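Below is one structure; the comments refer to it alone.
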Amino acid sequence: MGQLQFFVVLCYAIPFLVILFPIGLSFSYIFKIIGLDRPSNRINNYLGYFWYRSFFLLTGRKLQFEQGDWNPNGNNRFLICNHTNAMEVPLIVALPYLSKSKDVKLSYLGGDIIQRYKIIPLMMHKTIVEAVIYSEKKPNFRNFKTDVLRVLKTRSIFLYPEGERTFTEEIKPFQTGVMKIAYKFNIDLDVFVVSGMMGYSSLSEYSHLNKSKTVYFHFCGSIKAKDYDTFETYLSAAETIMKNKKTEIETLERSAVIT
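For reference, each letter of the sequence shown is one residue, going 1 to 259 in UniProt numbering.
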């Protein structure tokens, strides 16, 4: 097992090994069944925060979270972020507590993995958070679109527009399927970027990230579909704002090691 794979396994072992998670999710599920959505949602949000904190403590990392002018209130939005190696998932589910907005309602878009696992990824339990599922093996875009629009009535949805883990610090081109839904139905985008996750790798090109032991999670800005005349310019704007912020952070990463 390589170094990166070891840290991924460690990250996703925490919800299995710490008794707080099955107990917390059990209470969350009960609250959901009896209609107490607020305590159920708050438990989920806290577990996500505890997950991220536990993992970073075990691995000796620190987080630089920059909320900027992001307003977590409201719904009917997509929250998008780059997808490095799956260890940023705890950061995403910790976002309500990171932003000190414990009652933020987020759902998560994922593939068949949600059906295979009920605790991992943690907040993707379909029954608790009404996660949106698409099937890589048997895709049904019509049902998928219906599910997205249904969930957006009460929550915002987090997703990875690249559509895959990149295993690099490079941001790949966005996939168009979900983004076309956002553009067609005037769904606002809140853009985030994560940097430094490949510091868990043993590759020499990321040695400076390993030395700094800092992970950056920044808000880049918002994109409104109504401000763009074509889908292509809308998609390009979302990619550009994320890549520009990533470039800024990479300058910070290198200067932190030099100093």
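Glycine included, each C-beta is placed from N, C-alpha and C at the ideal position. Since the model is a prediction, treat every value here as computed from it, not as a measurement.
Reference residue i; option with closest CA among the options
{"i": "Arg254", "options": "Tyr228, Lys213, Lys226, Glu239", "result": "Lys213"}
{"i": "Val104", "options": "Leu20, Val194, Lys145, Asn71", "result": "Asn71"}
{"i": "Gly196", "options": "Met87, Ile181, Thr230", "result": "Met87"}
{"i": "Tyr46", "options": "Val215, Cys11, Leu95", "result": "Leu95"}
{"i": "Cys11", "options": "Leu36, Pro22, Asn85", "result": "Asn85"}
Helix, strand or coil at residue i [DSSP, three-state]
{"i": "Phe167", "result": "coil"}
{"i": "Val178", "result": "helix"}
{"i": "Lys118", "result": "Any reading at Lys118 needs caution, since the residue's pLDDT is 47, under 50, leaving its predicted position unreliable; the model's value is listed next. The answer is coil: DSSP assigns Lys118 none of H, G, I, E or B."}
{"i": "Tyr108", "result": "strand"}
{"i": "Met123", "result": "Here Met123 scores only 48 on pLDDT, less than 50, and its place in the model should not be relied on; the value that follows carries that caveat. Residue state, collapsed to three classes: helix."}
{"i": "His208", "result": "helix"}
{"i": "Leu203", "result": "coil"}
{"i": "Ile30", "result": "helix"}
{"i": "Cys220", "result": "strand"}
{"i": "Leu152", "result": "coil"}
Pairwise C-alpha distance: residue j and residue i
{"i": "Lys62", "j": "Lys243", "result": "22 Å"}
{"i": "Leu221", "j": "Val8", "result": "Correcting the residue identity first, residue 221 is Gly in this sequence and not Leu. So the alpha carbons of these two residues sit roughly 29 Å apart."}
{"i": "Thr176", "j": "Gly2", "result": "33 Å"}
{"i": "Ile181", "j": "Phe231", "result": "10 Å"}
{"i": "Leu252", "j": "Phe6", "result": "27 Å"}
Within 9 Å, strictly: CB atoms of residue i and residue j
{"i": "Leu25", "j": "Ile43", "result": "yes"}
{"i": "Leu79", "j": "Leu189", "result": "yes"}
{"i": "Glu205", "j": "His83", "result": "no"}
{"i": "Cys81", "j": "Val193", "result": "yes"}
{"i": "Ile171", "j": "Glu248", "result": "no"}
Distance between beta carbons of residue j and residue i, contact taken as under 8 Å
{"i": "Phe158", "j": "Tyr108", "result": "5 Å"}
{"i": "Phe50", "j": "Leu98", "result": "About 12 Å separates the two Cβ atoms, so there is no contact after all."}
{"i": "Phe219", "j": "Gly68", "result": "4 Å"}
{"i": "Leu91", "j": "Tyr52", "result": "5 Å"}
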